[in-house]
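Numbering-wise (the numbering used here), the sequence shown opens with residue 189 and increments by one. For glycine and all other residues, C-beta sits at the position ideal for the given N, C-alpha and C. Here's the structure we're looking at; comments come further down.
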Amino acid sequence: TDSACRMLRIRAAASRHTAAGLSRTLCSALPLAKGLARHVEALVRRHDELQETVAAGEFSIVAARELARLQPIARAHAQLRETADEASGLRELIADGASEAELRELARAELEVAKAALAEQEAGIVQLLVPPDPEEEKANEKGVLIEVHAGVGGAEAGLFAQELLQMYQQYAKRKGWRVENISHSAFEYGGCREATVSISGDGVYSALRGENGTHRVQRVPATESLGRVHTSTAVVAVLPGLDTSDVPELNEADVVVEVMRAGGAGGQHVNTTESAVRLTHTPTGIKAYSQNERSQHSNRATAFKLLAARISAHQEEKRREEMQAARGEQ
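Quick look at the structure:
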């Protein structure tokens, strides 16, 4: 079309003006403050050095993690520089009295678009420079425990909880994360009563922490024959994983241990032996249950790990509430 042709002419003219002045450094070409621009340039140089190091076969976990942290900054820097060069070319085209009047007018409109893009990209790169939360980085390394509980809504709530669980499992699979099913309890009619899975991988806690809370769906369920809309809920808890050094000291006298036959569809180890374990921490009332392992000993270890994670999350929540209350008193 004519408008497309005019746009191509504008970009070609702007590119010629940009090519004439590409000797500018980042500090003068980008809208970032000089000190910030120098810092970004240093990070990009470090990114390029690490890429060369890894390409040469000198791989290390530390270098790989640093490279992964710098890649978004390097990509944002390249995009910002490209937009800044385009804006500079448009300015030179507008100032060039020898250019056609129509081209200069269209270049002014394009420049406004480029300015808006620059502002957005600059804010994005500044956000990327914010140091990561050490606690969040630590949680990302350890993975998460995700608990899904059916809420209000009867049979439909169980189906909704099962769909949420499968969604998290499929998402983790697409991200290349490791998924381990810890426990799963189903209703007689199908669907998930409650389930716990462990997911580990790069950035898993940052990606999933926002899933905490009550999820609601309004729809005509498969179990509905009259076409009525039902409202159902499911509760999702995302707990940071724990390693051995993080496991809270549990006084066994405070933990009630119950063994029982595992529920489920049956099988060699299900419903035939008392292999399932349920723990109750009497000071807090927090419970943990495991039935998926083949032996009572393994289920006991899994249940204690899950109980420790829940107690740790409870203690952290209590600590945050106390800090907020202290701030409110000041």
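The alpha-carbon of His418 is positioned some 53 Å away from that of Gln239. When DSSP states are grouped into helix, strand and coil, Val408 belongs to the coil group.
Here Val447 is near Ala464, since their CB atoms are less than 8 Å apart. For Glu323, the enclosing alpha helix (DSSP H) stretches over residues 322-330. In terms of CA proximity to Asn400, His337 leads the group His337, Arg362, Leu438. The continuous alpha helix (DSSP H) containing Ala297 extends over residues 289-316. DSSP, reduced to helix, strand and coil, places Val443 within a strand of the structure shown. In terms of Cβ geometry, Gln354 and Val367 do not form a close pair [threshold 8 Å].
In this structure, the straight-line span from the alpha carbon of Ser420 to that of Ile370 is close to 25 Å.
Classified as exposed, Glu510 has fewer than 16 neighbouring CB atoms from the shown chains inside 10 Å of its CB.
Exclusion of the five residues before and after Ser373 leaves Arg381, Glu382 as the residues of its chain whose Cβ lies within less than 6 Å of its Cβ.
Around the beta carbon of Gly429, 16 or more other beta carbons lie within 10 angstroms, which makes this residue buried. Beta-bridge partners assigned by DSSP to Asn369: Val385. Listed as beta-bridge partners of Thr402 by DSSP are Val423. Using a Cβ distance threshold of 8 Å, Leu306 and Ala275 count as a contacting pair.
For Val336, the secondary structure class from DSSP, reduced to helix, strand or coil, is strand. Rounded to the nearest angstrom, the gap between the Cα atoms of Glu335 and Tyr477 is 12 Å. Cβ atoms of Gln309 and Ala264 come within 8 Å of each other, at about 7 Å. Annotation: the continuous beta strand (DSSP E) that includes Ser478 extends over 474-478. Listed as beta-bridge partners of Val465 by DSSP are Val447, Ser478. Annotation for Val408: Gly415, Arg416, Val417, His418 place their beta carbon closer than 8 Å to its own, counting only its chain and skipping 5 residues before and after. Approximately 4 Å separates the beta-carbon atoms of Leu347 and Gly379; this is inside 8 Å, confirming the contact. The Cβ atoms of Glu481 and Thr468 do not sit closer than 8 Å to each other. DSSP, reduced to helix, strand and coil, places Pro428 within a strand of the structure shown.
For His502, DSSP assigns no beta-bridge partner whatsoever. One Cα belongs to Val444, the other to Glu412, and the distance between them is close to 41 Å.
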